[in-house]
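Going by my numbering, the first residue of the sequence shown is number 434, and it counts up by one from there.
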Amino acid sequence: MSQPTVFIETYGCQMNVSDSELMLGKLAAEGYAAVQSPEAADVVLLNTCAIREHAETRVIGRLTELRRFLKPDAVLGVTGCMAQRLGPRLLDSDSRVSLVIGPDGYRALPLLIEGARKGERMIATDFDLEEHYEDVQASRFDGVKAWIPVQRGCDYRCTYCIVPFTRGSERSRRLEDVVRETQRVVAEGLTEVVLLGQTVNSYHDGARGFADLLRAVGAVPGLRRLRFTSPHPNDFSDGVIGAMADVDAVCEHVHLPMQSGSSRTLRRMLRRYSREEYLDCVARLRVAIPGLGLTTDIIVGFPGETDEDFRETLSAVREVGFDDAFMFKFSAREGTPATRLPAEMTVPGDLVDARFDELLKTVRGIARDRNFRRVGERCEVLVEKEARKGELMQARSREFRTVLIPGDKRMIGQYHHVELTGTTGSTFTGQIVRERTPLPVSS
Ligand code: SAH
Ligand code: SF4
Ligand code: F3S
């Protein structure tokens, strides 16, 4: 038989992107070739997300759409968080799906595909707390930066969140294994690494914590940029912040999910910090890391959110002055504690919409003002890819700002010093400038 082909479509967070790279790596080792369109593939996998209802409806829609152009004998599989959450229900609701695999089941992918090819309907949704796919070489999509998972699962139990149900308990990889993977990607020519975990700064491998990990990974020769996502405010110990400040490669950017600026709402979300503690965490980070870029996640319309609660979110947004935020309307997830709050606490949809619009305007307005003031500043950028428009390349500063600069594809992976020449309010344009060469030290 000719070489079997696989197509993977990825939804959700970077952890899923990283898992897709692992799945492709696993299948490549078994002789599969990756293809860029579902029509051509013997195996089509949707690596799915369950975080909000909308994420799941997109996948259901896509499954229906795919039926029309799959090869007749293609295996269609659903993997990831939605697969874990719905399990057999996915097989029952869609006769074309013959493979359902949760995030801890990818090691058996070739065997499960084999079963599905023979006409069986295969399902693997057991958790495996030992599973880190240590011996699987990821097939990386990105030629500039590497996603490196350091922790799987989550031991927080935020009351709105499905992730503890779809990814199980928290466990960390051994520090040596993370360092080895970093060395490998640097040897392959990548110079930026993003450490991944749901609460990445609670990393602990039994002997070493996140501060040790930052120091060890940051010491890998050739690594120029080290990022991580997403940290939890409660796990920013002085030791972790100290390591961030000390290690040159650690970028001056933190994505610090706030969720709400109201202590009352935070308590009901079981976020385990108050408004004041969140703001204190921001202040400690800013003192230790001058020029820090800060982004966040915010949920509006959590059950019981009053106007006053929402005003507190707006005021916290103003107080911090985030560079950007991902904003979400609360979505009730089956089985999560938030669904057991009394029905009368539900915030009506039109009120959620109005709050969302106001939050969006506030966040964007603050970011725009800050960004206009930054025009004229200089920074170092790493060129990531071609920009969507014009002859421009998309590059990123250490603070996570997007800067579009003139150039071509050959620049991908290069570092340049730029002057920020303009801004749309969210992204920048820049011109390459020559870095002032330091004067030689006289002997
Ligand atoms: N582990 C990360 C977040 C992972 S989910 C952390 O704790 O920071 C990414 C974001 O989705 C969350 O930060 C939250 O803002 C949002 N989110 C999670 N569950 C949600 C829900 N049920 N409804 C709306 N937004 C949700
Ligand atoms: Fe979900 Fe909370 Fe865990 Fe983040 S920390 S994954 S929001 S339960
Ligand atoms: Fe979605 Fe799972 Fe990530 S629910 S956000 S893909 S951990």
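We treat Cβ as the ideally placed atom computed from N, Cα and C, and that holds for glycine.
Kindly give me the distance between the Cβ atoms of V633 and G651, rounded to whole angstroms, as I take these residues to be in contact under 8 Å. Their Cβ separation, rounded to whole angstroms, is 14 Å, which puts V633 and G651 out of contact at 8 Å.
Grouping DSSP H, G and I as helix and E and B as strand, with all else coil, what is R501? coil
Quick check: the stretch 646-664 against the stretch 681-693, are there 3 or more CB pairs under 8 Å? yes
Can you tell me which of the three DSSP states V866 falls into? strand
Unbroken alpha helix (DSSP H) run spanning G675, endpoints: 671-679
Assumed close pair R454, R573 - CB separation to whole angstroms, cut-off 8 Å: Arg is not the amino acid found at residue 454; the sequence shown has Glu there. That pair is a contact at about 5 Å.
C-alpha distance - S876 paired with Q847, whole-angstrom precision: At S876, the pLDDT of 44 sits below 50, so the modelled position is not reliable and the matter cannot be decided from this model.
Give every residue of the same chain whose Cβ lies closer than 8 Å to the Cβ of T835, excluding the five residues on either side of it in the sequence, and list them in chain order. Q827, A828, R829, S859, T860, F861
If we count Cβ pairs, one from each stretch, closer than 8 Å, do we get three or more for the stretch 533-550 versus the stretch 616-627? no
Indicate, with yes or no, if the ligand F3S has a heavy atom lying under 7 Å from the CB of V633. no
Would you kindly work out how many angstroms separate the C-alpha atoms of V637 and V612, rounded to a whole number? Rather than Val, the amino acid found at residue 637 in this sequence is His. Cα-Cα distance, rounded: 14 Å.
Bridge partner(s) assigned by DSSP for P627: One point to set straight first is that residue 627 is Val, not Pro, in the sequence displayed. Paired residues: W580, R660.
DSSP three-state assignment for F440, whether helix, strand or coil: strand
Considering only heavy atoms of the ligand SF4, does any lie closer than 7 Å to the CB of H665? yes
Alpha carbon of I674 to alpha carbon of M448, nearest angstrom: 23 Å
Relative to the C-alpha of V715, which candidate in I441, G737, S670, F735 has its C-alpha closest? S670
Going by DSSP in three states, S876 sits in which element: helix, strand or coil? Caution applies to S876, whose pLDDT of 44 falls short of 50 and renders its modelled position unreliable; the value that the coordinates give is listed next. S876 falls in the coil class under three-state DSSP.
For T779, write down the residues that DSSP places opposite it in a beta bridge. According to DSSP, which records beta bridges pairwise, T779 is partnered with nothing at all.
Alpha carbon to alpha carbon, how far is E567 from D889? Give it in angstroms, no decimals. As displayed, the chain neither begins before 434 nor continues past 876, which places residue 889 out of reach and without an answer.
Closer than 7 Å: R590 CB and nearest the ligand ADP heavy atom: The ligand ADP is absent from the structure shown, which contains only the ligand SAH, the ligand SF4 and the ligand F3S.
The stretch 697-705 in contact with the stretch 716-729 per 3-pair CB rule at 8 Å: no
Look up E710 in the DSSP assignment and say whether it is helix, strand or coil. helix
Could you give the uninterrupted runs of the alpha helix (DSSP H) lying entirely in the stretch 513-582, keeping only those of 4 residues or more? 514-519, 521-526, 542-550
Please report the straight-line C-alpha distance between E442 and F743, rounded to a whole angstrom. 36 Å
Please classify Q847: does DSSP put it in a helix, a strand, or coil? coil
Element boundaries [alpha helix (DSSP H), containing M691]: Element bounds for M691: n/a, residue is neither H nor E.
Buried versus exposed, by CB contacts within 10 Å (16 or more), D756: buried
If we ignore side chains and look at the alpha-carbon of each, how far apart do A488 and T481 end up? 8 Å
Please classify G655 as buried or exposed, where buried requires at least 16 neighbouring CB atoms within 10 angstroms. exposed
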